[in-house]
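Engineer: The structure's right below; bear with me while I get my questions together.
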Amino acid sequence: MDNNRVHFALTALGFDFFIKKLESMNIKYFDWQGIPNKIKIRADGVKQIYFQDPDGYWIEVNSDI
Numbered sequence: 005m006d007n008n009r010v011h012f013a014l015t016a017l018g019f020d021f022f023i024k025k026l027e028s029m030n031i032k033y034f035d036w037q038g039i040p041n042k043i044k045i046r047a048d049g050v051k052q053i054y055f056q057d058p059d060g061y062w063i064e065v066n067s068d069i
């Protein structure tokens, strides 16, 4: 996985729906370690994924818990 340390982050109120939408559009997403189609659950319970826009910029999406 390319360097995902440079990214911007968003919170999705409908996180699970957002994941299903990515999957229906065949958009790959990753956890912080770069494992494909894996959702990271942080210690505070927030779900977190990363994906790239068409230009290769990383976007982090978090759940609202």
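Under my numbering, read the sequence shown as residues 5 to 69, first letter to last.
Note that CB positions come from ideal geometry on N, CA and C, so glycine has one too.
To the nearest angstrom, how far is the alpha carbon of GLY49 from that of ASP59?
Structural biologist: Cα to Cα, the separation comes out at about 30 Å.
Engineer: In this structure, does DSSP put LEU14 in helix, strand or coil?
Structural biologist: If DSSP states are grouped into helix, strand and coil, LEU14 belongs with the strands.
Engineer: What would DSSP say about ILE43, mapped onto helix, strand or coil?
Structural biologist: ILE43 falls in the coil class under three-state DSSP.
Engineer: Does ILE31 pass the burial test, meaning 16 or more other C-beta atoms within 10 Å, or should it be called exposed?
Structural biologist: Burial call: exposed.
Engineer: By DSSP, does ILE23 sit in helix, in strand, or in coil?
Structural biologist: ILE23: helix per DSSP, three-state reduction.
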